[in-house]
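What follows is a set of notes on a single structure, which appears directly below.
2 protein chains.
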Amino acid sequence: MECGLLFSGGKDSALAALLLEGFYDVTLVTAHFGVTDDWTHAEAAADALGFGFEERELDAAVASSATDRMHEDGYPRRGIQYAHEAALESVAADYQVIADGTRRDDRVPTVSRAVAQSLEDRHGVDYVAPLSGFGRGAVDRLVESNLVVESGPSEQIPKGDYETELRELIRQRWDVSVVETVFPDHEQTRVVGRS
Amino acid sequence: MECGLLFSGGKDSALAALLLEGFYDVTLVTAHFGVTDDWTHAEAAADALGFGFEERELDAAVASSATDRMHEDGYPRRGIQYAHEAALESVAADYQVIADGTRRDDRVPTVSRAVAQSLEDRHGVDYVAPLSGFGRGAVDRLVESNLVVESGPSEQIPKGDYETELRELIRQRWDVSVVETVFPDHEQTRVVGRS
Numbered sequence: 000m001e002c003g004l005l006f007s008g009g010k011d012s013a014l015a016a017l018l019l020e021g022f023y024d025v026t027l028v029t030a031h032f033g034v035t036d037d038w039t040h041a042e043a044a045a046d047a048l049g050f051g052f053e054e055r056e057l058d059a060a061v062a063s064s065a066t067d068r069m070h071e072d073g074y075p076r077r078g079i080q081y082a083h084e085a086a087l088e089s090v091a092a093d094y095q096v097i098a099d100g101t102r103r104d105d106r107v108p109t110v111s112r113a114v115a116q117s118l119e120d121r122h123g124v125d126y127v128a129p130l131s132g133f134g135r136g137a138v139d140r141l142v143e144s145n146l147v148v149e150s151g152p153s154e155q156i157p158k159g160d161y162e163t164e165l166r167e168l169i170r171q172r173w174d175v176s177v178v179e180t181v182f183p184d185h186e187q188t189r190v191v192g193r194s
Numbered sequence: 000m001e002c003g004l005l006f007s008g009g010k011d012s013a014l015a016a017l018l019l020e021g022f023y024d025v026t027l028v029t030a031h032f033g034v035t036d037d038w039t040h041a042e043a044a045a046d047a048l049g050f051g052f053e054e055r056e057l058d059a060a061v062a063s064s065a066t067d068r069m070h071e072d073g074y075p076r077r078g079i080q081y082a083h084e085a086a087l088e089s090v091a092a093d094y095q096v097i098a099d100g101t102r103r104d105d106r107v108p109t110v111s112r113a114v115a116q117s118l119e120d121r122h123g124v125d126y127v128a129p130l131s132g133f134g135r136g137a138v139d140r141l142v143e144s145n146l147v148v149e150s151g152p153s154e155q156i157p158k159g160d161y162e163t164e165l166r167e168l169i170r171q172r173w174d175v176s177v178v179e180t181v182f183p184d185h186e187q188t189r190v191v192g193r194s
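Protein chains in written order, with numbering that gives the first Met the number 0: chain A, 0 to 194; chain B, 0 to 194.
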C-alpha cells in the first residue's frame, strides 16, 4: 500500500519512515507554503535515506491562519497544530495510508484518537503514527543507532517543512521580535543518512 | 538492545514483534499463572515466527486479585488491566526495553502515558507500544499481508497468555456461568506463521 509520510527532514519523521518501510511503499511528503526553498533540505534528507520524495504546497490561507494564531497566542502550539492537520488532510487525498512522526511525549503537533478516526472515515485512509508508542528516550536511542543527524539551533539547521516558513512569514507580517517570542531557542535536527 | 515483548500468541502482539525486529533483539515473553499449559500455544506461535521465547509465571496473588475484580465487576476490564500491568512490571526487571501489542483503539489493556513514564522511571527501561499509533483497520490490513492466523471463539482458539487462565480460575473459584458473564463470546486469533 502507498503511504505518504509527512516529513520535515528531522529525526522523528525519518525514524518513523524506517519503522514503516518494511510494511508500506513509503513516500516522504514535505508540506510547505512556497515561501522559501527550505523544503529542498527535506528532499536531500529523503535522498540520503533512499526514500521517494514529494513536496506539496499548501494553500496560502492555511499559512495565514496559522501565523494569526501564533501571533495572537505568543507561542506556536495552535498554529503548528493547525498547519499539521491541514497537511494531513492534503496528503489523505492522494495516499491509501497517511503517517507522521508524532511521538508519545510530543506536546505539539498531536493527533488525538478522534482526529485520527475522523481523517480515516472522511478520506477512506489509514492514519498511522508509528512513534506514538515511543517516548523521548526510546526515540533518542533508536535515532542514535539507526540515523546520522546534524543538530543545532533553528536558524542554523532549518526544518524542511512548513515550520521554517511560518517563522519567515511571521517576520514578514510583523517583526523578527515576534518570531523570537513565538519560537524561543529550539534545537532542530536534520538527517544526513543511515548509520 | 534486548526487548521483552508481552506475547499472547495472537495477531496484535505478533505484528508488534514484526515492527520491532529490525530495531531490537526481540524475545517474546508469555506471562501465565501456572494454571494450564496454554502458554505452549504462544511458544508454538513464537517458533513459527522465528522469535526467541520465554514463559514467565506471575505471582498467584496477581491472579487472585485480577479474578476478584472480574467477579466483582461482571466484566473483565479492570482484571485484565491489573494482570497486564503486573506482567509489564515483571518483564521490566529483566529487559532494557519492554513492549506490548496494545493498539490505538484497544479499550483494555491500555497503558497511559503516565503509566508508561512510571514504568520507565522506576525500572530504567524504555516502554514501547509499536501499535499504539495504528487503528483497527490498519492493523487488520497489516496482519493480512504479513501473518497467517487462525481465528475462532475463545474456547477453540485459547489465548496463550494469562487471559485463558483467568477464565479457568474464575470457573474453579465460582462457576462456568461467571466465566460466561465476564467474558461474553469473543473472537480470538492465533498466529501460525508469516505470509
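Using N, Cα and C, we set each Cβ at its ideal position, and we do this for glycine too.
- Comparing C-alpha distances from B/R189 to each of B/T180, B/T163 and B/R172 shows the shortest one belongs to B/T163.
- The bridge partners DSSP lists for B/Y126 are B/I97.
- Contact of B/E164 with chain A is not assigned, every C-beta pair being separated by 8 Å or more.
- Residue state for A/E143 is assigned as helix, using DSSP reduced to three classes.
- Taking CB atoms only, A/D125 has a neighbour in chain B less than 8 Å away.
- Taking C-beta atoms as the reference points, B/L130 and B/A45 fail to come closer than 8 Å.
- Residues of the region 107-133 of chain B with a C-beta atom less than 8 Å from some C-beta of chain A are R112, A115, Q116, E119, D125, Y126, V127, A128, P129, L130, S131, G132 and F133, listed in chain order.
- Leaving aside the five residues that flank A/P152 on each side, the residues in its chain whose CB is nearer than 8 Å to its CB run, in chain order, D184, H185, E186 and Q187.
- In this structure, B/D37 lies away from B/G100, with their beta-carbon atoms at least 8 Å apart.
- In this structure, B/R135 keeps its C-beta atom at 8 Å or more from the C-beta atom of A/A115.
- Distance from the CA atom of A/L118 to the CA atom of A/G3, rounded to whole angstroms, is 14 Å.
- CA-CA distance, A/K158 to B/V127, rounds to 27 Å.
- Taken residue by residue, none of the region 68-95 of chain B has a beta-carbon sitting less than 7 Å from a beta-carbon on chain A.
- Annotation for B/V107: R76, I79 and Q80 place their beta carbon closer than 6 Å to its own, counting only its chain and skipping 5 residues before and after.
- Taking 8 Å as the threshold, the shortest C-beta distance from A/F22 to chain B falls below it.
- With a minimum length of 3 residues, the unbroken runs of beta strand (DSSP E) contained wholly in the region 38-63 of chain B fall at 51-56.
- Taking 8 Å as the cut-off, the beta carbon of A/V124 is found closer than this to the beta carbon of A/I97.
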